[in-house]
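Q: Which chain is which? The protein sequence lines are V and G, in order.
Residues in the first sequence are numbered consecutively from 1, following the numbering used here.
Residues in the second sequence are numbered consecutively from 1, following the numbering used here.
Input: one structure, supplied below.
Number of protein chains: 2
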Amino acid sequence: METSKALEPSPDNAVVWHEDRLYLLDQRYLPERASFLSLDTAAATAQAITDMVVRGAPAIGITAAYGVVLAARDAYRSRGADWRAAIELPLDLLAASRPTAVNLFWAIERMKHSMKGLGEQDPVPALLKEALAIHAEDRAANRTIGELGAALIEGPTDVITHCNAGALATGGYGTALGVIRSAHSAGCIGRVYADETRPWMQGSRLTAWELLHSGIPVTVQTDSAAAGLMATGRIGWVIVGSDRIAANGDVANKIGTYALAVLARYHGIGFMVAAPTSTIDMCLESGADIPIEERDAGEVLACGGSRIGPEGVAARNPVFDVTPASLVSLIVTERGVVETPTAVKMRALMG
Amino acid sequence: METSKALEPSPDNAVVWHEDRLYLLDQRYLPERASFLSLDTAAATAQAITDMVVRGAPAIGITAAYGVVLAARDAYRSRGADWRAAIELPLDLLAASRPTAVNLFWAIERMKHSMKGLGEQDPVPALLKEALAIHAEDRAANRTIGELGAALIEGPTDVITHCNAGALATGGYGTALGVIRSAHSAGCIGRVYADETRPWMQGSRLTAWELLHSGIPVTVQTDSAAAGLMATGRIGWVIVGSDRIAANGDVANKIGTYALAVLARYHGIGFMVAAPTSTIDMCLESGADIPIEERDAGEVLACGGSRIGPEGVAARNPVFDVTPASLVSLIVTERGVVETPTAVKMRALMG
């Protein structure tokens, strides 16, 4: 049956447009349960992004693009030729779903730009075409990033990755894990050490699941075990994704990335950031301007569905941090590689 | 009732000798449940140490000392004047319970030394006296460490601590938390940031519970959030305990400590190790010689009683790491403070 094939739960099927609905592989329950959440409104899509049904900057952008299609469909159904009057609110909901990943805003802007050329007729066919293009372009960008990044890895070596910047976080294939996949195919990677990535455990839940799927040797470790592993001398690269890169090359990514960058520098290990150019925000001068999402303290004070900390204790839960460009060895994008990024080099990349 | 008072669950009552039995506050279930495990054999005591009913290097040493008393009681009951013939096996069990904390071996050696002077009569009274002395001396050492460490903190400032080096980890009062308690009393500490300390969550479970008990402001954070907090400039010190310090000043402590030391150095933050001299192992030249316990992978692949990682994935679970002396600002002991430790300075301290 066609439906079951399109909606087969696999790392490369995190975001699926199928028979006029948006399906998200519900990443909150992986790897224990692999099931799709079906969405047909922009509001439900925004809620799913907030709730981390889908996560990862490029995947959030793609999801938001499909969310705009859902918004347009509802707007045209309710207001016909006057659909523009009804689309602002759902678009605002989508934009407010999460603050840090710039791909979200980038995708909504691109969809808005596409709307400009439309008349009073049904906007859905044109917008769906644009959303599918965003999705396909991201998938292609990941392949290019994978090739470019892999070419820079002299191996075989072991690597550390943090959080999940894989197929699940993108339109497919992955950014950091795309580089790792390509490098592994080329025989340049022995084993991947996946930081578990508290508090959401994207490393042990998602990255481990993805790499097992791909047959790439993977070992999970606690986030704080990375330093001791680096000291053994067996790690050649730290490879991560990004949620937003500022115009000077500062990199926002999952909490813990900054520590890894400092540790990599201390141990003389390369630090590679793999991200599509849709993650680069040339409007922000530096990482200090990137809004860092702080989520509920309960995510830190609980784990695996159980309360951990004592009642009444405070917790901080910033879910991203900023790595200064000076600690970044390489930013690998689909347009090319930036070594030791600076504002000048970033401008050159972005044209 | 006297029993209920002696066995009141509180951070200062982690290890209690009461009415001829050893009671351990079961730290596996704190803070959700505060209850004592009652032990009356050395074998059960060794198992409790292995299972982390009690943890923290000084507390393990004290527990082992009481375990030797239990071993002697059984040996004398079964063999009378020939009790020495029956005590070796239970002492070996105690020594094999965990590998890294040297206080365990130190306490057993001290108890063995105490045995030498005994004749064929019941050894229990003399050995119990020695175990109680070890316990009392540790408590007193913690107070001294607290005062010496606190005197070096110019405040008020916020600090980071890792794992639990508090009353629960010692004979009472605590090493790192002893310094923090004394410094807080002196008005030199604003807030303590407690790393949650995966995989056992000693920070969010035990340190948070202890500091709430003491009325010291505490905020829990994931281990990987410490770096971003240091970058804000509001952290004056990182203060930790230790499980074993080598003759050159290298420090073994809970996994993640080494990362904190590198990060503290990068951010120009002082890194203080608070530990009694029973933690110093002058027989080991450097940290490279310290045996690092690797526990079951399941501790990493689960949390809060729930499985997290996918079936079939590998995990590494080294539960300690080694911080080179060059990254340590201060080692604070009950005999005095060693600044930027070296082998020469450590020898001077240990006489």
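For glycine and all other residues, C-beta sits at the position ideal for the given N, C-alpha and C.
If you're wondering where the values come from, they're calculated on a predicted model, not measured in any experiment.
Among all the DSSP beta bridges, which residues are the ones paired with V:Leu221?
A: Here the question's residue 221 of chain V lines up with position 221 in the first sequence. The identity of residue 221 of chain V in the sequence shown is Gln, whereas the question assumes Leu. V:Gln221 pairs with V:Asp195.
Q: I need the DSSP call for V:Leu25, collapsed to helix, strand or coil.
A: As a working mapping, residue 25 of chain V is identified with position 25 in the first sequence. Residue state, collapsed to three classes: strand.
Q: Are any of the Cβ atoms in chain V nearer than 8 angstroms to that of G:Gly190?
A: As a first step, residue 190 of chain G must be located in the second sequence, where it is residue number 190. Cβ-Cβ to chain V under 8 angstroms: no for G:Gly190.
Q: Could you check the C-alpha separation between G:Leu177 and G:Leu168 for me, to the nearest Å?
A: One-based indexing of the second sequence puts residue 177 of chain G at position 177. One-based indexing of the second sequence puts residue 168 of chain G at position 168. So the alpha carbons of these two residues sit roughly 10 angstroms apart.
Q: Going by DSSP, which residues form a beta bridge with G:Leu39?
A: To locate residue 39 of chain G, count along the second sequence from 1; it is residue 39. DSSP, once it has assigned bridges, lists G:Leu22 as partnering G:Leu39.
Q: Using a Cβ-Cβ cut-off of less than 9 angstroms, list which residues of the segment 252 to 267 of chain V approach chain G; keep chain order.
A: The segment 252 to 267 of chain V vs chain G, Cβ under 9 angstroms: Lys254, Ile255, Gly256, Thr257, Tyr258, Ala259, Leu260, Ala261, Val262, Leu263, Arg265, Tyr266 and His267.
Q: As a quick exercise: from V:Ala274, V:Leu211 and V:His184, pick the residue whose alpha carbon is nearest that of G:Gly312.
A: By one-based count along the second sequence, residue 312 of chain G stands at place 312. It is V:Leu211 whose Cα lies nearest to the Cα of G:Gly312.
Q: Is any beta-carbon of chain G found at less than 8 angstroms from that of V:Arg181?
A: Taking the first sequence and counting its residues from 1, the one referred to as residue 181 of chain V is at position 181. Taking Cβ atoms only, chain G never reaches closer than 8 angstroms to V:Arg181, which makes this a no.
Q: Just the chain V side, please: which residues come within less than 7 angstroms of G:Trp357 by C-beta, in chain order?
A: Within the shown structure, residues of chain G are numbered from 1 to 351, placing residue 357 of chain G beyond reach of any answer.
Q: Nearest CA to the CA of G:Ala107: which residue from G:Glu137, G:Gln221 and G:Asp82?
A: Sequence index remark: in the second sequence, residue 107 of chain G carries index 107 (1-based). Comparing Cα positions, the closest option is G:Glu137.
Q: Would you grab the beta carbon distance between V:Asp195 and V:Asp223 for me? Rounded to a whole angstrom, and I think it's under 8 angstroms.
A: Counting from one through the first sequence, the residue named residue 195 of chain V turns up at place 195. Counting from one through the first sequence, the residue named residue 223 of chain V turns up at place 223. Contact flag correct, Cβ pair sits at about 5 angstroms.
Q: Starting from V:Met201, find everything on chain G with Cβ-Cβ shorter than 7 angstroms and list it in chain order.
A: In the first sequence, the residue the question calls residue 201 of chain V occupies position 201. Those within 7 angstroms of V:Met201 in chain G are Ile308.
Q: Given the structure, does G:Trp209 come close to the ligand HEM, in the sense that its CB is under 7 angstroms from one of the ligand's heavy atoms?
A: For the ligand HEM, the structure offers nothing, since it holds no ligand at all.
Q: Work out the CA separation of V:Val16 and V:Glu2 for me, nearest whole Å.
A: As a position in the first sequence, residue 2 of chain V is number 2, starting the count at 1. As a position in the first sequence, residue 16 of chain V is number 16, starting the count at 1. Bear in mind that the predicted position of V:Glu2 carries a pLDDT of just 47, short of 50, making it unreliable; the figure below should be weighed with that in mind. Cα-Cα distance, rounded: 13 angstroms.
Q: Given that a residue counts as buried once 16 or more other Cβ atoms are within 10 Å of its Cβ, and exposed if not, what is V:Thr340?
A: Taking the first sequence and counting its residues from 1, the one referred to as residue 340 of chain V is at position 340. Exposed.
Q: Can you tell me whether DSSP reads V:Gly249 as helix, strand or coil?
A: As a working note, residue 249 of chain V is residue 249 in the first sequence. If DSSP states are grouped into helix, strand and coil, V:Gly249 belongs with coil.
Q: Can you name, in chain order, every residue of its own chain whose Cβ lies under 8 angstroms from the Cβ of G:Ala42, other than the five neighbours on each side?
A: Within the second sequence, residue 42 of chain G is the residue found at index 42, counting from 1. Hits under 8 angstroms: Gly67, Val68, Leu70, Ala71, Asp74, Pro90, Leu91, Leu93 and Leu94.
Q: Is it right to say G:Tyr193 is buried, meaning 16 or more other beta carbons lie within 10 angstroms of its own, or is it exposed?
A: Residue 193 of chain G sits at position 193 when you count from the first residue of the second sequence. So G:Tyr193 ends up on the buried side.
Q: Based on Cα-Cα distance, which residue from V:Pro31, V:Gln27, V:Leu7 and V:Cys163 lies nearest to V:Lys254?
A: For the purposes of this step, residue 254 of chain V is taken as the residue at position 254 of the first sequence. That would be V:Cys163, whose Cα lies nearest to the Cα of V:Lys254.
Q: What is the DSSP secondary structure of V:Pro58, counted as helix, strand or coil?
A: Taking the first sequence and counting its residues from 1, one reaches residue 58 of chain V at position 58. Residue state, collapsed to three classes: helix.
Q: Any idea what DSSP makes of G:Ile292, helix, strand or coil?
A: Against the second sequence, residue 292 of chain G aligns to sequence position 292. Reduced to three states, the DSSP call for G:Ile292 is coil.
Q: How would you call G:Ala231, buried or exposed, if buried means at least 16 neighbouring beta carbons within 10 angstroms?
A: Residue mapping note: residue 231 of chain G aligns to position 231 of the second sequence, counting from 1. Buried, because 16 or more other Cβ atoms sit within 10 Å of the Cβ of G:Ala231.
Q: Just to confirm my understanding: we take G:Met350, look at its own chain, exclude 5 residues before and 5 after, and list those with CB closer than 7 angstroms. What are they?
A: Within the second sequence, numbered from 1, the residue matching residue 350 of chain G stands at position 350. Thr277, Ile280 and Met282.
Q: Mind reading off the beta-carbon distance from G:Ile292 to G:Ala252? Whole number of angstroms is fine, and I expect it under 8 angstroms.
A: The residue you call residue 292 of chain G lines up with position 292 of the second sequence. The residue you call residue 252 of chain G lines up with position 252 of the second sequence. The pair is a contact, with the Cβ atoms about 7 angstroms apart (cut-off 8 angstroms).
Q: Below 8 angstroms, how does it come out for the segment 109 to 120 of chain V and the segment 149 to 157 of chain V: are there three or more Cβ pairs, yes or no?
A: Too few Cβ pairs lie closer than 8 angstroms, so no.
Q: Among residues of its own chain, excluding the 5 on either side of G:Ser114, which ones have a beta-carbon nearer than 7 angstroms to its beta-carbon?
A: Here residue 114 of chain G is taken as the residue at index 114 of the second sequence, counted from 1. Cβ within range, chain order: Ala126, Leu127 and Glu130.
Q: Nearest-angstrom Cα distance between G:Tyr258 and G:Thr323?
A: Along the second sequence, one-based indexing puts residue 258 of chain G at 258. Along the second sequence, one-based indexing puts residue 323 of chain G at 323. Approximately 5 angstroms between the Cα atoms of the pair.
Q: Just the chain V side, please: which residues come within less than 7 angstroms of G:Pro31 by C-beta, in chain order?
A: For the purposes of this step, residue 31 of chain G is taken as residue 31 along the second sequence, with counting starting at 1. Within chain V, the residues near G:Pro31 are Pro310.
Q: For chain V, is any of its Cβ atoms less than 8 angstroms away from the one on G:Asp223?
A: Indexing the second sequence from 1 puts residue 223 of chain G at position 223. At least one chain V Cβ lies under 8 angstroms of G:Asp223.
Q: Check whether the Cβ of V:Ala140 lies closer than 8 angstroms to any Cβ atom in chain G.
A: Translated into positions along the first sequence, residue 140 of chain V becomes position 140. No, V:Ala140 lies away from the interface with chain G (no Cβ there is under 8 angstroms from its Cβ).
Q: Out of G:Gly304, G:Ala275, G:Leu330 and G:Leu284, which one is the CA nearest neighbour of G:Pro58?
A: Translated into positions along the second sequence, residue 58 of chain G becomes position 58. For G:Pro58, the nearest C-alpha among the options comes from G:Ala275.
Q: Return the residue from the list V:Val344, V:Gly80, V:Leu39 and V:Ile216 that minimises the CA-CA distance to V:Glu285.
A: The residue labelled residue 285 of chain V in the question sits at position 285 within the first sequence. Comparing Cα-Cα distances from V:Glu285 to each of V:Val344, V:Gly80, V:Leu39 and V:Ile216, the minimum goes to V:Val344.
Q: List, in order along the chain, the chain V residues whose C-beta lies closer than 8 angstroms to that of G:Pro318?
A: In the second sequence, the residue the question calls residue 318 of chain G occupies position 318. By Cβ distance, chain V contributes Ala225 and Gly228.
Q: Can you give the beta carbon distance from V:Arg335 to V:Asn317, rounded, assuming they're within the 8 angstroms contact cut?
A: Within the first sequence, the letter at position 335 stands for residue 335 of chain V. Within the first sequence, the letter at position 317 stands for residue 317 of chain V. Going by Cβ atoms, the distance from V:Arg335 to V:Asn317 rounds to 34 angstroms, so no, they are not a contact pair.
Q: Exposed or buried, which one is V:Asp364 when buried takes at least 16 other CB atoms within 10 Å?
A: As displayed, chain V neither begins before 1 nor continues past 351, which places residue 364 of chain V out of reach and without an answer.
Q: If you run the structure through DSSP and keep just helix, strand and coil, what is G:Arg244?
A: The sequence position of residue 244 of chain G within the second sequence is 244, counting from 1. Of the three classes helix, strand and coil, the one that applies to G:Arg244 here is strand, per DSSP.
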